[in-house]
Amino acid sequence: DVKVTQSSRYLVKRTGEKVFLECVQDMDHENMFWYRQDPGLGLRLIYFSYDVKMKEKGDIPEGYSVSREKKERFSLILESASTNQTSMYLCASSLVSGSVRGNTQYFGPGTRLTVL
Amino acid sequence: GDSVTQMEGPVTLSEEAFLTINCTYTATGYPSLFWYVQYPGEGLQLLLKATKADDKGSNKGFEATYRKETTSFHLEKGSVQVSDSAVYFCALVRGSTLGRLYFGRGTQLTVWP
């Protein structure tokens with residue numbers, strides 16, 4: 001079974017802190033994704049990566065950056081956390097797009113981040 | 001651009017009732033369509049999928065048929081259980097979009113005994 005793990009289930013940070021959210025997948029997937037989930041807004045894509053050191057902006061990249069130095073690990077960075085970044089953050093991975101099987105995304109359990 | 005619209009919740013049903021959650025999409029070409037489910041306190045899990053017109057995805061008693069003529073992928077279950085209480089997300093992906101999924105906003109389902 002595919003396993004996607006996230007470094008923390010719950011995280012509390014203060015405004016202005018630099019925050020790192022880590023995601024690791026164990027199935028050699030090329031694609032990795034970061035979403036945030038807010039009530040009434042569903043899932044919104046922040047960034048995704050289709051290869052090591054490659055990244056693409058999603059719909060809401062402002063205030064975030066990402067790093068993918070190794071294939072299995074995709075980090076989301078909040079350079080200076082703000083209260084409006086309080087949310088549930090979900091990481092996902094998938095095989096290379098273009099194949100039916102490859103289009104399925106596998107999700108981690110999520111990190112609930114609170115910024116005070 | 002690509003988008004998914006699903007019925008707003010919350011949906012509240014009694015056990016053994018029939019469930020329909022509507023989902024329509026906008027996309028060029030031939031997307032693949034998905035239903036994901038999120039149980040309380042967990043991440044999303046794939047529930048079912050369909051990759052071409054008239055395909056029917058099914059899993060755990062849930063079904064959805066890919067209707068290209070109506071651009072729809074409605075989720076149905078004949079008899080819901082309390083354990084089906086969750087948030088359901090409809091999503092699409094096109095082969096040309098590097099695998100990114102476009103999600104609907106989710107529908108909260110609560111089933112009472």
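These protein sequences, in sequence, are chains A and B.
So in this note's numbering, spot 113 of the first sequence is number 113, and the numbers just go up one at a time.
So in this note's numbering, spot 86 of the second sequence is number 86, and the numbers just go up one at a time.
Ideal Cβ positions, reconstructed from N, Cα and C, are used throughout, including at glycine.
Keep in mind the model is a prediction, meaning the values are calculated, not measured.
- If you draw a straight line from the C-alpha of A:Y71 to the C-alpha of A:Y89, how long is it? Walking along the first sequence from the start, residue 71 of chain A turns up at place 71. Walking along the first sequence from the start, residue 89 of chain A turns up at place 89. Here residue 71 of chain A turns out to be Lys, not Tyr, going by the sequence shown. For A:K71 and A:Y89, the distance between alpha carbons rounds to 20 Å.
- Task: State yes or no: is the beta carbon of B:K49 nearer than 8 Å to at least one beta carbon in chain A?
- Result: For the purposes of this step, residue 49 of chain B is taken as residue 49 along the second sequence, with counting starting at 1. Yes - at least one Cβ of chain A is within 8 Å of the one on B:K49.
- What are the boundary residues of the beta strand (DSSP E) that includes A:G42? Counted from its first residue, the first sequence places residue 42 of chain A at position 42. Per DSSP, A:G42 belongs to the beta strand (DSSP E) from 42-51.
- Message: Would A:V4 and A:A92 qualify as a contact pair, given that the criterion is a beta-carbon distance under 8 Å?
- Response: On the first sequence, position 4 is the one that residue 4 of chain A refers to. On the first sequence, position 92 is the one that residue 92 of chain A refers to. A contact, by the Cβ cut-off of 8 Å.
- Give me the Cα-Cα distance between B:Y36 and A:T83, rounded to the nearest whole angstrom. Position 36 of the second sequence holds residue 36 of chain B. Position 83 of the first sequence holds residue 83 of chain A. One C-alpha to the other measures close to 29 Å.
- For A:F74, decide whether its Cβ has a neighbour in chain B, counting only Cβ atoms nearer than 8 Å. Counting from 1 along the first sequence, the entry for residue 74 of chain A is found at position 74. Judged by the 8 Å Cβ criterion, A:F74 is not in contact with chain B.
- Message: So B:L101 contacts chain A; which residues on that side make the cut at Cβ distance below 7 Å?
- Response: The residue you call residue 101 of chain B lines up with position 101 of the second sequence. Neighbours of B:L101 on chain A, chain order: Q105.
- Pick from A:S94, A:S80, A:F74: whose alpha carbon is nearest that of A:C23? As a first step, residue 23 of chain A is located in the first sequence; it is residue number 23 there, counting from the start. It is A:F74 whose Cα lies nearest to the Cα of A:C23.
- Task: Give a yes or no on whether 8 Å exceeds the smallest Cβ distance from B:S89 to chain A.
- Result: On the second sequence, residue 89 of chain B is found 89 positions in, with the first residue counted as 1. With the sequence shown as reference, residue 89 of chain B is identified as Phe, and Ser is not the correct amino acid for it. Yes, its Cβ sits closer than 8 Å to a Cβ of chain A.
- Query: Are B:E15 and B:V93 closer than 8 Å when you measure CB to CB?
  - Reply: Here residue 15 of chain B refers to the residue found at position 15 of the second sequence. Here residue 93 of chain B refers to the residue found at position 93 of the second sequence. The answer is no: Cβ separation not under 8 Å.
- Query: Are the segment 39-49 of chain B and the segment 103-112 of chain A touching, with three or more C-beta to C-beta distances below 8 Å?
  - Reply: yes
- Task: Using three-state DSSP, classify B:S32 as helix, strand or coil.
- Result: Against the second sequence, residue 32 of chain B aligns to sequence position 32. Reduced to three states, the DSSP call for B:S32 is strand.
- Query: Can you check whether the CB of A:L78 is closer than 8 Å to the CB of A:V12?
  - Reply: As a position in the first sequence, residue 12 of chain A is number 12, starting the count at 1. As a position in the first sequence, residue 78 of chain A is number 78, starting the count at 1. No, these two residues do not count as a Cβ contact at 8 Å.
- Between the CA atoms of B:F34 and B:G99 - distance to the nearest angstrom: Against the second sequence, residue 99 of chain B aligns to sequence position 99. Against the second sequence, residue 34 of chain B aligns to sequence position 34. If you take the alpha carbons of B:G99 and B:F34, they lie about 13 Å apart.
- Near B:T71, which residues of its chain fall below 6 Å by C-beta distance, leaving aside the five closest residues on each side in sequence? For this step, residue 71 of chain B is matched to residue 71 along the second sequence. Excluding positions up to five away in sequence, the list reads T24, Y25.
- Query: Would a check of beta-carbon distances place A:L11 closer than 8 Å to chain B?
  - Reply: Taking the first sequence and counting its residues from 1, one reaches residue 11 of chain A at position 11. Not closer than 8 Å to any Cβ of chain B, the Cβ of A:L11 fails to qualify, so no.
- Message: Run through chain A and tell me which residues come within less than 7 Å of B:L46, C-beta to C-beta.
- Response: For the purposes of this step, residue 46 of chain B is taken as residue 46 along the second sequence, with counting starting at 1. Result: T104.
- Task: Note down the Cα distance separating B:A64 from A:D38, rounded to an integer number of angstroms.
- Result: If you number the second sequence from 1, residue 64 of chain B lands on position 64. If you number the first sequence from 1, residue 38 of chain A lands on position 38. Cα-Cα distance, rounded: 26 Å.
- Message: Please report the straight-line C-alpha distance between B:S85 and B:P113, rounded to a whole angstrom.
- Response: Position 85 of the second sequence holds residue 85 of chain B. Position 113 of the second sequence holds residue 113 of chain B. Roughly 11 Å separates the two Cα atoms.
- Identified DSSP bridge partners for A:N31: Stepping through the first sequence from its first residue, residue 31 of chain A is reached at position 31. Note: A:N31 sits in a beta bridge opposite A:S94.
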